[in-house]
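Chains as they are written, first to last, in my numbering: chain A, 1 to 398; chain B, 399 to 796; chain C, 797 to 1166; chain D, 1167 to 1536. Where a beta carbon is used, it is the ideal one built from N, C-alpha and C, also for glycine.
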């Protein structure tokens, strides 16, 4: 039993910290801390900074521009970046299509697409969910019909995160209706500029625009954009869903957010004393802190057990459930801490450059939108119900 | 909207209170308050006192010795008796087999058995559950084979409450294995003195002996002890399960127990102040009190909606779930209030006449056995899972 | 014992429900709630004609209702229709006006000609009137106010403000005209629709309402009635969430069957339904005990707010979760019901505030009994 | 980072596990736990030979372990086997003896020849040593004790008692022989098996252990290690409950299928499994932080106790509920695991006590950092 970092890991952590203190623009971290929206350019800026250091796709093989980091190094990196409110690395290119191409793509596909992920030439989005196929992904209907050296795609995707910025989509399509539903699915790379694609925004209950519907009408996709074999897409899709979950609990981000919450509870006064001394709030805060401390260790245990191979484990379903619950509880306490000042809604204030006067304490401005927006955490990316099903089968063997 | 009792109901409540103050032996209520076990004779004593007043089978028709009370009168009676720690009326005769005979019994059966319930000649027990058939009652296997003017019964019943005191059992038996499982069940009245019956105690985790296994080996039961028609027993069994649920939430008993808990919290000191001023305990207590106040009204709403007919309603499943949860929470806080003194276990002290010195405060003696014993509340009598199924189908229509 | 609303109230409920269903379908509501000042004065006027405002007040002061169960009916329908507008503020302001015998002002409120909002909360009061710092100073037979109020309902579109301020004699109430000199209003929308504003006073002329220094018990009672109103509104919102979620569970299919057939969701829905029934009982209790001793009234009001706070979070979060992605969208009415429910938790004190208050009042009760 | 026990500890764990499985199957345990003094001194002696007691103490004082993870291993196996006996008391008493350099007494404890229990709690102390009232009076170079201790583990079958008492100089620790004059012991069984006793002292001769007035920090540290022990025991009990419940869910059929196929139960089991993993992490943290500053050590210990209190209630209640009727029976091992788990909640301070303490220590930490 040893819960300390090795000297090498300590040195690595210092290296990450130094890098962050030198290279992370305060302009960006300020926005993150204030829950303001990053622009497309700002997200790309951070990717470029990481790529310049060679740390963007840190879990890729070294020969393709990865780092060769251990699981523990990746955990340290993710935690340290979150703690200083660095933007998160968008997963669509680096953590989703990248690993699929690395494992299943042709040599030509790797050479063509992987460098463009690193240098920011492509912004990928994920074409998985459809209106009738959420948790039941295999029931998807968007069709691709072979026509000479093209596929002709018709149908609709939904919940497509940041599709408004994307120029490429990796997309599950149905190429056969025979046999089991899973056996007729293929994995296509689609240029979003192709005629026949329309992206429509979906406004979230919080007022945010993050996700979209994407409609396909006779969209012609070159056959060379098929990944792997026709009708084998399900295998690649599943690989993507279970890959790269070292950060699934979001412990670093929760630690950072909890730190903010604790500061607020110390300074915000209620009934003449700090909120942190209100018995019920103090108890909520303490239970949350204990849960988070436990989660940190649970997360590390799973990582160490997974070892150098970073094998996806069913245990990550536990991390997903409790990790999102913790984050949602932080949001919940933030909103409770704001009292009546959780009610005003000034969407302009969520954008950079807003110079208005806040209503109530500045931190209170985004608490409610944040609370509502983060309800998505337990829904998207495999709902917590789906995670419980995974635990049931893989761990409990029921 | 009017949450007050009518003058007639007020007068009735006073009448019940007067009766209780005059007729309830302090010897019995003291034992109930101290969570001591009543002897068989003591339970019979209380039945006789009620019967002398004509209040034992208060929901039976007047012509068979009932009272003609309204649902509200019965609620008042049940609440008032619980509040002064009167013994509960055992349901097996009065509320279980009685109503079945009233609805489905022959005239001869009514004349024979009903008076014996009232005068205490018979102590009934319920032969429903079997080792393989709990919530799935219809899968029962105990068989009854017709042989002349007798049925010959073989098999086993379990969880038979107070069978150690009973001289009669109403019993579900399988008389046919054809058709649907429910269609081969019959309803028999069995004299416990018949050769071939063996009663074995089941010791509960709390150490209490309340339930039993009952084994039948070639037990001969006269054909006239069949209730209704052969193979129609399922109908009668279901009627019994849904009948007479005005007291299913146990609000009166919970009010009485909560009163005790509140007194304890006021007097028991922890860290130099009363437990009722410990912030976390006070919060637990307040949440419980609010829940109980809400439950009182929910219970009354269901009763008033049910009206004079006392129709069983699916809403009583809600009462069962929350009522038992409240009672279990009271038990839980009692044990927490006792701290280290929840640990000693002196079974002798649960019997009347024990003159030993208690360890810690006297009330602390039975808190843990009570807590463990009352886990049964959410299991027996239709588990809370079964109640949720009923809500799902009958109220939610899912 | 009778848990029906009674014929008159049922008629009022039916007429409000029909009106809102016809005139304020959800698409209209949603637009109104997030544009301009976040409400429709036109609808307000029509509801005034239907008696919705008058029902909040006693006949003795010019209303035609005023029992807590009348308030319950109106706010139940507001909740069901998810209507925005200064309903709660009008209820509290009107109670204060009525208690002071200002029947002319109240008449204008009731017939819809004057919108009078209610300004009690300040940035640091946290629903404790003892912490109010806005000053009222007598200048001859006139009064002026200095100070600031926060999140005042519809401050920008009200005609007058009923303001709670501290005079030398203690807490007092005042009417301030919307265009009074020295007053600034900064308006903003609210998360769940509608609007509010931060208001500042600098030597702002004000008209005293009632006796100076005697406002404490009046505003406490008005708040208790406000809590009854919010409790009934919340229960109606929860009913809507439950029904919308059940509809969704019955129709939405995954793996070829309606997701309502999944037992884990069924059991969670059963729990949600049970919590809603308990919340309804709490709302009934709060209305019933309003006519009682102060401690009974306040205890039941705090019990109701603590109950709907807890049940409301559960119902809102479960409704969104069970809807999945679609539950996250602005498009769906459900998500707005969920937002309203959570935001009710932030009005007039939250769950923890009222649990603490319930405990405190319990100690008072015991001391009184001892 | 390494979450394995390491080779030596794994060997110890394996040998204890084999011994308990062979020599103390559940039927033997159950009989021993509820007869006589509720434990078997014979088994105790054999386990002492296997090194189970020595593993609790540092080599410097004659043990062959003493790290919090050694303690963890021993108590994990005790939990798994649901073993009764004065383990926790020996751990706490031994820590005090070790700190005072009483290696002879400790040696007798370690080799099993002397059973030394630990008497700190009084009827009104509620786990707060500051409230201890048992008096220690110096008479020349001798000491006598006056007062009473409650629920002292195995008081009736111990050879000696390590007693915490208040001298003029402050809290001090003493050894008292079982047959010392003026001492009475009233023995009783415990709800989860085993026994304890109420002890009174009247001018009872006692031997001072350590310096008078310096016991505070020593008994606090001993308690923190006791909390580590209980946390690991509780996690092992929870593991057993989970596995027993999973077995039952897989085999028990209703409506023709194993009840483990019912989704509502599956999702609840997933939650229970998750809570247990979090509790395991809390137990690991408590052991890890034991070697740290006082505040770190005490915070992690209280966090662990609060965690296992909450998770323990859930695991015990869910295990019983999912077993249904059979889960209510004395016959089934499961019900005894459930009882042990709930009763661990009553040892060394409950969930609420440790949550409050965690909050208090947090304030201390902030003041120290500020």
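Please name the residue in the options whose C-alpha comes closest to that of residue i.
i: residue 1017(C); options: 1131(C), 1042(C), 864(C), 981(C); result: 864(C)
i: residue 749(B); options: 691(B), 796(B), 607(B), 674(B); result: 607(B)
i: residue 1011(C); options: 965(C), 908(C), 922(C), 1083(C); result: 965(C)
i: residue 1084(C); options: 854(C), 1097(C), 998(C); result: 1097(C)
i: residue 1050(C); options: 131(A), 368(A), 223(A), 184(A); result: 131(A)
i: residue 173(A); options: 141(A), 197(A), 149(A), 12(A); result: 141(A)
i: residue 286(A); options: 1204(D), 1384(D), 1521(D); result: 1521(D)
i: residue 704(B); options: 475(B), 469(B), 632(B), 721(B); result: 469(B)
i: residue 687(B); options: 580(B), 653(B), 487(B), 619(B); result: 653(B)
Can you name the residues that DSSP bridges to residue i?
i: residue 389(A); result: Looking at the DSSP assignment, residue 389(A) forms no beta bridge with any residue, so it has no partner.
i: residue 130(A); result: 133(A)
i: residue 1125(C); result: 204(A)
i: residue 888(C); result: BP columns for residue 888(C) are empty, so no partner.
i: residue 866(C); result: BP columns for residue 866(C) are empty, so no partner.
i: residue 1381(D); result: Residue 1381(D) pairs with nothing; no bridge assigned.
i: residue 1097(C); result: Paired residues: none, contrary to the question.
i: residue 397(B); result: In the structure as shown, chain B begins at 399 and stops at 796. Residue 397(B) is therefore absent and cannot be evaluated.
Under a three-way DSSP split, which group does residue i fall into?
i: residue 56(A); result: coil
i: residue 1512(D); result: coil
i: residue 335(A); result: helix
i: residue 1167(D); result: coil
i: residue 915(C); result: strand
i: residue 179(A); result: coil
i: residue 248(A); result: coil
i: residue 151(A); result: strand
i: residue 966(C); result: strand
i: residue 124(A); result: strand
i: residue 1248(D); result: coil
i: residue 1149(C); result: helix
i: residue 1405(D); result: helix
i: residue 1532(D); result: helix
Within 10 angstroms of the Cβ of residue i, are there 16 or more other Cβ atoms? Answer buried if so, exposed if not.
i: residue 145(A); result: exposed
i: residue 616(B); result: exposed
i: residue 1053(C); result: exposed
i: residue 915(C); result: buried
i: residue 1159(C); result: exposed
i: residue 451(B); result: exposed
i: residue 1379(D); result: exposed
i: residue 807(C); result: exposed
i: residue 1155(C); result: buried
i: residue 21(A); result: exposed
i: residue 456(B); result: buried
Give me the Cβ distance between residue i and residue j, rounded to the nearest whole Å; I'm assuming they're in contact under 8 angstroms.
i: residue 944(C); j: residue 996(C); result: 5 angstroms
i: residue 547(B); j: residue 565(B); result: That pair is no contact at about 22 angstroms.
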